[in-house]
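Below is one structure, written out as structure tokens; comments come after it.
There are 2 protein chains.
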Amino acid sequence: MARTKRTGRRSGNPDTRSEILGAARRLFADEGFESVSMRRIAGEAGVDPSLIHHYFGSKDELFMAAIEIPFDPAPEVAAVLKEGGVEGAGRRLVHAFVTIWDGPHHDKLLAVVRTSLSKPAMAFVLRQLFEHRIVKTVESSLGDQVDHVPVRANFIASQVFGLVVTRYILKLEPLASLDEAQLAETVGPTIDRYLTMPVEHLLRES
Amino acid sequence: MARTKRTGRRSGNPDTRSEILGAARRLFADEGFESVSMRRIAGEAGVDPSLIHHYFGSKDELFMAAIEIPFDPAPEVAAVLKEGGVEGAGRRLVHAFVTIWDGPHHDKLLAVVRTSLSKPAMAFVLRQLFEHRIVKTVESSLGDQVDHVPVRANFIASQVFGLVVTRYILKLEPLASLDEAQLAETVGPTIDRYLTMPVEHLLRES
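Protein sequences, first through last, are from chains A and B. Numbered per full-length UniProt numbering, the first sequence finishes at 206, counting up by one with no gaps. Numbered per full-length UniProt numbering, the second sequence finishes at 206, counting up by one with no gaps.
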């Protein structure tokens, strides 16, 4: 009788999935994405590591699920940057970004940002998403044309997060009512400047 | 015996102050800064309007107290913009902004921003602060040199709020470790561009 076979329920139980997610969130927030292994998360959740692969595939995919982001932004960023290279990259990036934010994922994306900005542990997790997914994607897409990508990515993030806050949270007008082409044209050149301005003097000796 | 004279306690009671603040917060959030009178707030709080003037002075000061902002940013913005006009205004603005945020008001400012970004009613209040204090201050400081200040102020806010989020909440590195002069030099030109770029085509017919 399957209903009483408690030990057998584990692999197919929706609770297993949420136990893995809970363990992943705690460990990613406490120790960081890089230093936590899949095996460690499985141990914390009390499940076999193969179950994590079964439910989530890769560690990246588990991470996206743990922070409840509705999709992985990295492939989108890669596609936008590779098409055309550094020339006009700012406009294309802002256009794609606004199109995604104005689309069906809007509510979930906003929830991720609100949570990240109000809870320090989640801010740490969002920073990791940025550092381990976005910065690396920009490096692999534009690294042959642009130097010091990590520091430039900080400035780009400062403009892009500010766009999220003012357009989607504070809803400043007319910014909240402009379309993606208008924002690409006005904010895109800011991104282009951050991709090309001198930054060597900002790097600390290490 | 003063301790039993209940009716007399009202004017000197710390509760009166918090009742006024609570009423002001509710009304500002529900109906907006412009449409709510001091008399209306007094009525909601169940106190004489003269008590609001006694505790808070002007409606602007009551508003700052209601949103728990540690000081009024408008005079700072006015001082920075008037000194030197539009030439180099971006650098001066970013320098002053970062200096204030890195100073003793840091924790309280961060609390205001965190609350505003996580609670929609508070976001509405922060938008009002922006529209009724900051935009008007920029208009009175630079209005003779810069056209269409309200739309430009939106873009400036998008960069400045993004700096708050990435430097003070997400703490992206190296952005979080740069000093005010480095940020003025890198982010200042973005503000200058927003003060001078063409914006006529972004204005909606009304």
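Every residue gets a Cβ at the ideal spot worked out from N, C-alpha and C, and that includes glycine. Because the structure is a prediction, the values reported are computed rather than measured.
Contacts around residue i, its chain only, beta-carbon distance under 7 Å, and the 5 residues preceding and following it disregarded
| i | result |
| --- | --- |
| S206(B) | Only weak support is given to the placement of S206(B): the predicted model assigns it a pLDDT of 48, under 50, and the question is left unresolved by the model. |
| I134(B) | P73, A74, V77, A153 |
| V36(B) | L27, F28 |
| T115(A) | M122 |
| Y55(B) | R17, I20 |
| I156(A) | I191, Y194 |
| V113(A) | V164 |
| R166(B) | According to the sequence displayed, residue 166(B) carries Thr and not Arg. L172, L175, listed in sequence order. |
| I52(A) | I20, M38, I41, A42, L62 |
| D30(B) | none |
| P49(B) | M38, R39, A42 |
Top-ranked residue by Cα proximity to residue i, from the options
| i | options | result |
| --- | --- | --- |
| L126(B) | E139(B), L109(B), S141(B) | L109(B) |
| G90(B) | S35(B), T16(B), Q159(B), S50(B) | Q159(B) |
| R17(A) | G57(A), T186(A), P174(A) | G57(A) |
| H201(A) | L175(B), P150(B), P49(B) | L175(B) |
| V94(B) | M197(B), T196(B), L183(B), Y194(B) | L183(B) |
| P198(B) | T186(A), V112(A), K171(A) | T186(A) |
| L178(A) | F130(A), E131(A), T99(A), Q145(A) | T99(A) |
| H132(A) | E34(A), D102(A), N13(A) | E34(A) |
| E180(B) | V151(B), F97(B), M64(B) | F97(B) |
| Q145(B) | E87(B), D48(B), G46(B), D60(B) | E87(B) |
| T196(A) | S118(A), V151(A), F63(A) | V151(A) |
| L129(B) | L51(B), P104(B), I69(B) | I69(B) |
| G32(A) | D60(A), H53(A), L163(A) | D60(A) |
| K119(B) | L170(A), P104(A), P120(A) | L170(A) |
| F161(B) | G85(B), M64(B), W101(B) | W101(B) |
Under 7 Å from the C-beta of residue i: neighbouring residues of chain A
| i | result |
| --- | --- |
| I169(B) | L117, A123 |
| L109(B) | Under the 7 Å cutoff, chain A gives no residues; its nearest Cβ is about 14 Å from L109(B). |
| M197(B) | T186 |
| R127(B) | L170, K171, L172 |
| T137(B) | Residues of chain A passing the Cβ test: none, with the nearest at roughly 16 Å. |
| A157(B) | T166, L172 |
| Q182(B) | L202 |
| P73(B) | Per Cβ cutoff of 7 Å: no residues; P73(B) is ~15 Å from chain A at best. |
Residue burial classification, residue i (beta-carbon count within 10 angstroms, cutoff 16)
| i | result |
| --- | --- |
| R39(A) | exposed |
| F71(B) | exposed |
| D15(A) | exposed |
| L203(B) | exposed |
| D192(B) | buried |
| A79(B) | exposed |
| G46(B) | exposed |
| A111(A) | exposed |
| G188(A) | buried |
Residue i, enclosing alpha helix (DSSP H) - first and last residue
| i | result |
| --- | --- |
| A121(A) | 120–129 |
| S141(A) | 136–142 |
| N154(B) | 149–164 |
| H54(A) | 49–56 |
| K171(B) | Unbroken run through K171(B): none, as it is neither H nor E. |
| Q182(A) | 180–196 |
| V98(B) | 89–101 |
| P104(B) | Unbroken run through P104(B): none, as it is neither H nor E. |
| G22(B) | 14–31 |
| D60(A) | 59–66 |
| A45(B) | 38–45 |
| E34(A) | Run containing E34(A): none; DSSP gives neither H nor E here. |
| P73(B) | 73–82 |
Check: residue i C-beta below 7 Å from any heavy atom of the ligand ADP
| i | result |
| --- | --- |
| E83(B) | Ligands in the displayed structure: none, and consequently the ligand ADP is not present. |
Nonlocal neighbours in the same chain, by C-beta distance under 8 Å from residue i, ignoring five residues either side
| i | result |
| --- | --- |
| A66(B) | L21, A24, R25, F28, V125 |
| V149(B) | V135, V138, E139, L142, G143 |
| E83(A) | R92 |
| H106(B) | Y168 |
| G85(A) | L142, Q145 |
Amino acids of chain B, ordered along the chain, whose beta-carbon sits closer than 7 Å to that of residue i
| i | result |
| --- | --- |
| P151(A) | One point to set straight first is that residue 151(A) is Val, not Pro, in the sequence displayed. By Cβ distance, chain B contributes P174. |
| L178(A) | L202 |
Interface residues of chain B facing residue i [CB-CB closer than 9 Å]
| i | result |
| --- | --- |
| N13(A) | Those within 9 Å of N13(A) in chain B number zero; the least Cβ separation is about 33 Å. |
8 Å Cβ cut-off: residues of chain A touching residue i
| i | result |
| --- | --- |
| R114(B) | L117, S118 |
Chain-ordered chain B contacts of residue i [CB-CB under 8 Å]
| i | result |
| --- | --- |
| H93(A) | Looking at the sequence itself, residue 93(A) is Leu, so the reference to His does not match. The contacting residues do not exist; L93(A) stays about 14 Å from chain B at best. |
| V160(A) | G162 |
| F130(A) | L170, L172 |
| T99(A) | Per Cβ cutoff of 8 Å: no residues; T99(A) is ~17 Å from chain B at best. |
| R133(A) | Simply none; closest approach about 14 Å. |
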